[in-house]
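Q: Have a look at this one.
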Amino acid sequence: MPRASFQTKLFLAGISAAVLTLTVAGALFAVTMQRQTNARVEQTLKTEAQIAVELLARAVDTRNNRRSLDAEADYIGALLTARVTFIARDGGVLGDSAEPPEALAAMENHATRPEVVQARESGVGLSRRTSATLGEEMLYVALPATHPTVAFVRIALPLTSVQTQLSSILTATLTALGLALLGGIVIAGVLAGRIGQRVRAIAWVAQRYRQGDLTPPRLDYGDDELGIVARALDDSVHELGNRIQELERDRGRIAAILAGMIEGVIVVDQAGRLQLVNAAAQEMLRIDEAPIGRHYLETIRHPAITDLVTAILDGRTPASLEFTPPRDNTRTIIGRAAPVTAGWPHGVVLVLHDVTELKRADRIRRDFVANVSHELRTPLTAIRGYVEALSEGDTSPDETERFLEIIMRHARRMERLVQDLLRLARLDAGQETLDIVDCDLRSLVQSVFADLAPALEARAHQPHVDVGADAGTAQADPAKLHDVLRNLVANASAYSPEDGTITVATRREGDELAIDVLDSGPGIPDEDRLRVFERFYRVDKSRARDPGGTGLGLSIVKHLVELHGGRVSVRNRPEGGACFTVTLKAGDTTRA
Ligand code: ADP
Numbered sequence: 047m048p049r050a051s052f053q054t055k056l057f058l059a060g061i062s063a064a065v066l067t068l069t070v071a072g073a074l075f076a077v078t079m080q081r082q083t084n085a086r087v088e089q090t091l092k093t094e095a096q097i098a099v100e101l102l103a104r105a106v107d108t109r110n111n112r113r114s115l116d117a118e119a120d121y122i123g124a125l126l127t128a129r130v131t132f133i134a135r136d137g138g139v140l141g142d143s144a145e146p147p148e149a150l151a152a153m154e155n156h157a158t159r160p161e162v163v164q165a166r167e168s169g170v171g172l173s174r175r176t177s178a179t180l181g182e183e184m185l186y187v188a189l190p191a192t193h194p195t196v197a198f199v200r201i202a203l204p205l206t207s208v209q210t211q212l213s214s215i216l217t218a219t220l221t222a223l224g225l226a227l228l229g230g231i232v233i234a235g236v237l238a239g240r241i242g243q244r245v246r247a248i249a250w251v252a253q254r255y256r257q258g259d260l261t262p263p264r265l266d267y268g269d270d271e272l273g274i275v276a277r278a279l280d281d282s283v284h285e286l287g288n289r290i291q292e293l294e295r296d297r298g299r300i301a302a303i304l305a306g307m308i309e310g311v312i313v314v315d316q317a318g319r320l321q322l323v324n325a326a327a328q329e330m331l332r333i334d335e336a337p338i339g340r341h342y343l344e345t346i347r348h349p350a351i352t353d354l355v356t357a358i359l360d361g362r363t364p365a366s367l368e369f370t371p372p373r374d375n376t377r378t379i380i381g382r383a384a385p386v387t388a389g390w391p392h393g394v395v396l397v398l399h400d401v402t403e404l405k406r407a408d409r410i411r412r413d414f415v416a417n418v419s420h421e422l423r424t425p426l427t428a429i430r431g432y433v434e435a436l437s438e439g440d441t442s443p444d445e446t447e448r449f450l451e452i453i454m455r456h457a458r459r460m461e462r463l464v465q466d467l468l469r470l471a472r473l474d475a476g477q478e479t480l481d482i483v484d485c486d487l488r489s490l491v492q493s494v495f496a497d498l499a500p501a502l503e504a505r506a507h508q509p510h511v512d513v514g515a516d517a518g519t520a521q522a523d524p525a526k527l528h529d530v531l532r533n534l535v536a537n538a539s540a541y542s543p544e545d546g547t548i549t550v551a552t553r554r555e556g557d558e559l560a561i562d563v564l565d566s567g568p569g570i571p572d573e574d575r576l577r578v579f580e581r582f583y584r585v586d587k588s589r590a591r592d593p594g595g596t597g598l599g600l601s602i603v604k605h606l607v608e609l610h611g612g613r614v615s616v617r618n619r620p621e622g623g624a625c626f627t628v629t630l631k632a633g634d635t636t637r638a
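Counting in the numbering used here, the sequence shown runs from 47 upward without gaps.
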């Protein structure tokens with residue numbers, strides 16, 4: 047059975063209240079009416095009885111006793127429009143307006159009639175019963191008379207007339223009540239309808255809110271309590287909507303922060319279930335998927351992480367742990383853990399830092415300092431030794447000259463080293479700016495050969511330039527490209543045996559231009575090929591065959607080429623010798 051609607055309930059309540067009120071009012075009215083009518087009728091009858099007594103007495107006083115007692119009864123009865131009975135002391139009926147004279151003798155003795163008995167005892171008698179004579183419900187009033195023979199005068203009124211009066215009043219009352227009820231039904235219906243409509247509107251809005259549509263519908267709710275409730279609902283939902291939006295914004299912000307963080311963040315709850323794993327953490331721990339809500343050990347199995355989580359869950363404060371992530375032992379990660387108490391009790395937040403780069407940079411820095419010290423120590427020791435020998439003053443002029451030459455060579459070497467170091471520092475600091483133009487490679491290479499002519503000639507090296515078709519120009523800073531090629535050609539000369547050929551050849555490769563520097567030296571072993579561009583890296587670690595280099599030349603070359611957006615690589619030639627290749631953007635004007 048469908049539940050009764052609010053409107054129906056309101057309507058039924060209104061009707062019930064109306065029916066109850068009208069019934070109680072009608073019943074009270076009917077009872078009161080009946081009581082009052084009875085009292086009035088009794089009072090009237092008493093008054094009429096008094097009048098009858100008076101009239102009878104007067105008839106005696108004026109000796110105007112022409113009429114018999116029965117006729118007197120008829121006369122007074124006609125005046126009062128009531129039945130009048132004269133009763134003798136012994137109870138015999140002396141006159142009766144309702145009976146002919148001849149019937150009087152046959153009438154019952156009235157001495158024991160309740161009204162007569164009462165009148166005799168208290169002066170007034172009143173009784174309501176069915177008349178034995180008339181067979182009708184009657185109201186009797188008896189009063190003692192001041193008459194020689196008549197002891198009591200009795201007035202009787204048939205109650206049917208009173209009842210008729212009452213019933214007409216009751217009919218009118220009932221009709222009025224019926225009409226009032228009908229009016230009540232109509233008013234209750236209309237009011238219940240209106241309120242029902244508003245309640246339905248509010249219910250519809252509430253339903254909409256429940257389904258997640260939080261936009262206020264802008265309905266006219268009215269000014270009464272219902273309106274206040276509806277507006278309060280709207281306001282609360284509006285407020286709630288704003289808070290939800292704010293929370294979502296916050297969530298979005300936090301998600302964006304977590305996603306953009308370099309640090310890995312993992313949050314687990316007290317039961318060890320994953321609550322959050324950001325992208326950085328997934329990447330560090332090589333996790334493809336982090337199922338939120340599942341136990342962390344299902345995805346993250348690392349003793350260090352387990353130790354951190356267990357420590358926090360046991361209420362301890364663990365120190366940060368350094369570990370290598372699974373499946374990648376080249377990297378180092380530092381994990382820190384802290385308890386979370388907001389939201390869920392005693393969860394754990396793990397923050398992971400990838401310190402691989404930091405460690406590498408630290409190692410490079412330490413190596414660099416060690417290398418620089420080492421590089422400086424050799425010439426410094428030599429210089430000090432020769433200076434000491436000279437200061438002793440017992441060297442021959444030839445020796446002195448040789449010693450000074452050696453001191454000069456080492457001083458120059460230190461100077462070169464410091465120059466190279468300063469250049470690298472400038473490059474590292476981004477202080478060298480480029481002035482890119484279309485460089486004519488042929489003339490540039492020739493000027494490099496010219497610069498190095500004394501060194502080349504000393505080792506009987508033949509320079510050779512080979513500019514390929516469409517490979518005449520490159521987009522580069524001429525001074526810096528000069529430095530690059532000078533370094534490479536100097537190396538080629540330094541590491542090639544005497545009497546070899548040193549070739550600089552250019553080739554076009556699409557938009558790019560490759561410059562090869564070829565020599566006829568020993569080439570570079572495969573395992574060192576990538577590392578020769580590192581600072582101070584030398585293939586020949588013993589430095590026995592010291593060609594006077596600083597070990598920084600190739601790293602300066604790499605830096606300069608990369609500053610141009612180009613790249614440098616080395617390979618060994620099949621016919622022997624190394625081939626360093628610098629690749630840059632080709633120039634716009636190309637000349638063969
Ligand atoms: P260096 O000043 O020692 O030449 P570089 O940075 O220029 O330092 O070169 C690094 C190392 O690479 C050299 O010590 C050498 O062992 C190797 N190398 C460079 N160029 C050549 C080459 N043309 N042939 C063979 N080995 C080379």
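Using N, Cα and C, we set each Cβ at its ideal position, and we do this for glycine too.
Would you kindly work out how many angstroms separate the C-alpha atoms of Asp512 and Arg377, rounded to a whole number?
A: The alpha-carbon atoms of Asp512 and Arg377 are separated by roughly 45 Å.
Q: Can you tell me where the alpha helix (DSSP H) holding Asp281 begins and where it ends?
A: Looking at the DSSP string, the run of the alpha helix (DSSP H) that includes Asp281 is 271-306.
Q: Take Ala639 as the anchor and find which of Asp281, Asp315, Arg554, Leu322 has the nearest alpha-carbon.
A: The shown model of the chain, from 47 to 638, leaves out residue 639, and the question about it has no answer.
Q: Could you name the residues of the same chain whose beta carbon sits closer than 6 Å to that of Asp545, not counting the 5 residues immediately before and after it, in chain order?
A: For Asp545, where only same-chain residues beyond five positions count, the Cβ hits under 6 Å are Ala506.
Q: Under 8 Å: do the segment 190-203 and the segment 212-226 share three or more Cβ pairs, one atom per stretch?
A: Touching, no.
Q: May I ask which residues mark the beginning and end of the beta strand (DSSP E) holding Tyr186?
A: Run containing Tyr186: 183-190, per the beta strand (DSSP E) assignment.
Q: For the ligand ADP, is there any heavy atom lying closer than 8 Å to the beta carbon of Arg584?
A: For the ligand ADP, at least one heavy atom lies less than 8 Å from the Cβ of Arg584.
Q: Beta strand (DSSP E) containing Gly141: first to last residue?
A: From DSSP, the beta strand (DSSP E) with Gly141 extends over 139-142.
Q: In whole angstroms, what is the alpha-carbon distance linking Leu534 and Val563?
A: If I take the Cα positions, the gap works out to 7 Å.
Q: Just to confirm, are Gly318 and Leu331 a CB contact at a threshold of 9 Å?
A: Contact flag unset, no.
Q: Short of 7 Å in beta carbon distance, which residues of its chain neighbour Gly622, apart from the five on each side in sequence? Order them along the chain.
A: Answer for Gly622: Ser566, Gly569, listed in chain order.
Q: Kindly provide the ranges of any alpha helix (DSSP H) runs that are 4 or more residues long and lie completely inside the segment 384-426, ordered along the chain.
A: Qualifying alpha helix (DSSP H) stretches: none in this window.
Q: Tell me whether Leu172 sits in a helix, a strand or coil according to DSSP, three-state version.
A: Note: Leu172 maps to strand in three-state DSSP.
Q: Could you say if the segment 76-84 and the segment 97-104 meet the contact criterion of at least three C-beta pairs nearer than 8 Å?
A: No, the segment 76-84 does not touch the segment 97-104.
Q: With a threshold of 8 Å (Cβ to nearest heavy atom), would Val494 be considered close to the ligand ADP?
A: No, the beta carbon of Val494 sits no closer than 8 Å to any heavy atom of the ligand ADP.
Q: In this structure, how does DSSP classify Leu480 when only helix, strand and coil are distinguished?
A: Reduced to three states, the DSSP call for Leu480 is coil.
Q: Excluding the 5 residues flanking His392 on each side, which residues of the same chain have their C-beta closer than 7 Å to its C-beta?
A: Excluding positions up to five away in sequence, the list reads Gln316, Leu359, Pro385.
Q: Does the Cβ-Cβ distance between Ala226 and Leu68 come in under 9 Å?
A: In this structure, Leu68 lies closer than 9 Å to Ala226 by Cβ.
Q: Using beta-carbon positions only, say whether Leu559 and Ala520 come within less than 9 Å of one another.
A: The answer is yes: Cβ separation under 9 Å.
Q: Decide if Val275 is buried, meaning its Cβ has at least 16 other Cβ atoms within 10 Å, or exposed.
A: With fewer than 16 other Cβ atoms within 10 Å, it is exposed.
Q: Excluding the 5 residues preceding and the 5 following Gln164 in the sequence, name in chain order all residues of the same chain whose CB lies nearer than 8 Å to its CB.
A: Val170, Gly171, Leu172, Ser173, Ala188.
Q: By the 10 Å Cβ neighbour count, where 16 or more other Cβ atoms means buried, how is Pro263 classified, buried or exposed?
A: Classification of Pro263: exposed, given that the 10 Å Cβ count is below 16.
Q: Rounded to whole angstroms, what's the CA-CA distance from Pro500 to Ser437? Just pull it up for me.
A: Whole-angstrom Cα-Cα distance: 33 Å.
Q: In terms of residue numbering, what span does the beta strand (DSSP E) encompassing Gln316 cover?
A: That residue, Gln316, is in no beta strand (DSSP E); it is neither H nor E in DSSP.
Q: Measuring CB atoms only, is the segment 474-492 touching the segment 436-450, in the sense that at least three cross pairs come out at less than 8 Å?
A: The segment 474-492 is not in contact with the segment 436-450.
Q: What residue from Thr158, Gly287, His399 has the CA that sits closest to Ile351's CA?
A: Among Thr158, Gly287, His399, the Cα nearest to that of Ile351 is on His399.
Q: Kindly indicate which residue of Tyr186, Pro620, Gly306 has the alpha-carbon position closest to the one of Ala128.
A: Of Tyr186, Pro620, Gly306, the residue nearest in Cα terms is Tyr186.
Q: Could you check what DSSP says for Gln253 in three-state terms: helix, strand or coil?
A: Helix.
Q: Run through the DSSP bridge pairs and tell me what Asp562 is partnered with.
A: Ala551, Thr627.
Q: Determine the direct distance from the alpha carbon of Arg619 to that of Asp557, and round the result to whole angstroms.
A: If you take the alpha carbons of Asp557 and Arg619, they lie about 25 Å apart.
Q: Once the 5 residues before and after Asn110 are set aside, which same chain residues still bring their CB inside 7 Å of it?
A: For Asn110, the predicted structure reports a pLDDT of 45, less than 50, and the residue's modelled location is therefore unreliable. A value from the coordinates is still provided. Excluding positions up to five away in sequence, the list is empty.
Q: Going by DSSP, which residues form a beta bridge with Gly268?
A: Answer by DSSP bridge pairing: none, since Gly268 is not bridged.
Q: Taking the Cβ atom as the reference point for each residue, do Arg382 and Ser366 lie within a distance shorter than 9 Å?
A: Yes, these two residues count as a Cβ contact at 9 Å.
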